[in-house]
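S.K.: According to the working numbering, the sequence shown is numbered sequentially starting from 825.
Beta carbons are placed, not taken as given, at the ideal position from N, Cα and C, and that holds for glycine.
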Amino acid sequence: MRVVIVTESFPPDVNGVSHCALQTARHLAARGHQPLVIAPATATGEGSDAPCPVIRVPSLPLPGYPEVRLALPSRRVAAAIAAHRADLVHLASPFVLGVRGMAAAARLNVPAVAVYQTDLAGYARTYMGTGEGTAWRRLRAVHSAADRTLAPSTSALRDLEEHGVRRVRLWPRGVDTDRFRPERRDAALRRELAPHGELIVGYVGRLAPEKQVELLAGVCALDGVRVVVTGDGPSTAALRTALPGAVFLGRSTGDELARTYASLDVFAHTGPYETFCQTVQEAMASGVPVIAPAAGGPLDLVCHGRTGLLVPPRDAGAVRDAVLKLADPALRAAYGQAGRAAVRGRTWAAVGDLLLDHYAEVLGARAAVAA
């Protein structure tokens, strides 16, 4: 099968859309298919681990958030889909470049599968205080034009259907359970992060307004607790002020990131706008109990009172109280073991095969209509 992946982000960018698009391309190549990626040009280079050709479209940084690149109008998208003789177009979190990919697929009569991955309406509320309706109109237009939309969680699926998107199915995300595992726990790193044996509470992800990492301020004030923040973004400077005593590790990837996860005592995610929340799943694979908002993707991932604790969104006091509850080592151990067991079967290979099943159903439906 010849598949063109049109993605709003791709490595060396570090985010959920980028990582999922890379894993999709890898799985297609591993199963003997022929993927091609179309992505915005980046400011830092091409990346080195793509398993297939990557076509870069000219782009500009998003004002106020230069880590995000917005593709400029280009004829390369339609030309690349046609030249690749695509059997199917995969649209990863379509909003700018993906809209052009959808239009090109429609003109070329190529089936399209759109993957919903980013709560852009929530981001519009966060950054502009308005524009939520505009964001949903754009999302509804592109997803309604696709043969199938894949939602990463039951919450995201419900949001799409409530906003008029049809032909929606569930497709979760995988996790590298070989890389992210409890055995990566590092005593030397723990002594470096918490030299007095403090309880280590960690956050991993972008440091941006929509993530609401400042909700960890109350945790920073707890005696015997050390907050560790991994990631970067436009809110870094403000968070250094808002979280006194916290350790900021900056961006981390690969085995270094896996070592950090496994060396935590508690993982705390604070953002309420997650359609899935891959960092929660990676923490669970690492055997670390999780605190997360009772909203969006974490509702599917965290079993409250078994693998972690779900708290009301935007409630700093609830986050602090959850940390205090998880000060019990026996409870942390039980939650961590249950979390690891819950995600053990969610490998990228298993999830990738589910995606291939969706592709096959879409292609079969198109063939039936044409017959």
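Can you tell which of T866, E1016 and R964 has its C-alpha closest to the C-alpha of S842?
M.R.: Among T866, E1016 and R964, the Cα nearest to that of S842 is on T866.
S.K.: Below 8 Å CB to CB, which residues in the same chain sit around T821 once its five sequence neighbours on both sides are set aside?
M.R.: Outside the modelled stretch of the chain, which goes from 825 to 1195, sits residue 821, for which no answer is possible.
S.K.: In chain order, what residues of the same chain have a beta carbon less than 7 Å from the beta carbon of E891, not counting five sequence neighbours either side?
M.R.: For E891, where only same-chain residues beyond five positions count, the Cβ hits under 7 Å are G1057.
S.K.: Can you tell me the Cβ-Cβ gap for C1101 and A1116, rounded? I've got them flagged as a contact below 8 Å.
M.R.: Between A1116 and C1101 the Cβ distance is about 7 Å, and since that is below 8 Å, they are a contact.
S.K.: Apart from the five residues just before and just after S917, which ones in its own chain have a Cβ nearer than 8 Å to its Cβ?
M.R.: Hits under 8 Å: T831, E832, S833, V841, V939, Y940, Q941 and T942.
S.K.: Have a look at G1160, P1136, C1044 and A1082 and flag the residue whose alpha-carbon is nearest the alpha-carbon of M1068.
M.R.: Residue 1068 is actually Pro in this sequence, not Met. Out of G1160, P1136, C1044 and A1082, C1044 has the C-alpha closest to the C-alpha of P1068.
S.K.: Report the residue from P1019, V1114 and F919 whose alpha carbon sits nearest the alpha carbon of W960.
M.R.: Ranking P1019, V1114 and F919 by Cα distance to W960 puts F919 first.
S.K.: Whether or not the region 1013-1020 and the region 987-995 are in contact is what I'm after, with contact meaning three or more pairs of Cβ atoms, one per stretch, closer than 8 Å; do they touch?
M.R.: Segments in contact, no.
S.K.: Which word fits P1136, buried or exposed, when buried means at least 16 other C-beta atoms lie within 10 angstroms of its C-beta?
M.R.: With fewer than 16 other Cβ atoms within 10 Å, it is exposed.
S.K.: Could you give the distance in angstroms between the alpha-carbon of T1099 and the alpha-carbon of A845?
M.R.: Near 16 Å, if we compare the C-alpha coordinates of A845 and T1099.
S.K.: Have a look at the DSSP bridge pairing and note the partners of A1062.
M.R.: DSSP lists no partner for A1062.
S.K.: Within 8 Å, do at least three Cβ pairs link the region 894-904 to the region 875-885?
M.R.: As far as the Cβ criterion goes, the region 875-885 touches the region 894-904, which means the pair count is three or higher.
S.K.: Terminal residues of the continuous beta strand (DSSP E) containing Y1085?
M.R.: First-last for Y1085: G1078 to A1086, but that is the alpha helix (DSSP H), not the beta strand (DSSP E).
S.K.: Go ahead and label L1148 buried or exposed: buried means 16 or more other beta carbons lie within 10 angstroms of its beta carbon, across all protein chains shown.
M.R.: Label assigned to L1148: exposed.
S.K.: Determine the DSSP secondary structure at G1132, reduced to helix, strand or coil.
M.R.: Of the three classes helix, strand and coil, the one that applies to G1132 here is strand, per DSSP.
S.K.: In terms of residue numbering, what span does the alpha helix (DSSP H) encompassing P1153 cover?
M.R.: Unbroken alpha helix (DSSP H) run through P1153: P1153 to V1167.
S.K.: Mind checking who A916 pairs with in its DSSP beta bridge?
M.R.: According to DSSP, A916 bridges with T831 and V939.
S.K.: Under 6 Å Cβ to Cβ from R850, same chain only, skipping five residues before and after it: list those, please.
M.R.: Answer for R850: P875, listed in chain order.
S.K.: Of all the options M825, R855 and R826, which has the alpha carbon lying nearest to the alpha carbon of D1177?
M.R.: Looking at the Cα atoms, R855 is the closest of the given residues.
S.K.: Output needed for A1107: all residues of its chain with C-beta closer than 6 Å, excluding positions within five of it in sequence on either side, in chain order.
M.R.: Once the five neighbours on either side are set aside, the close Cβ partners of A1107 are Y1085, F1091 and V1114.
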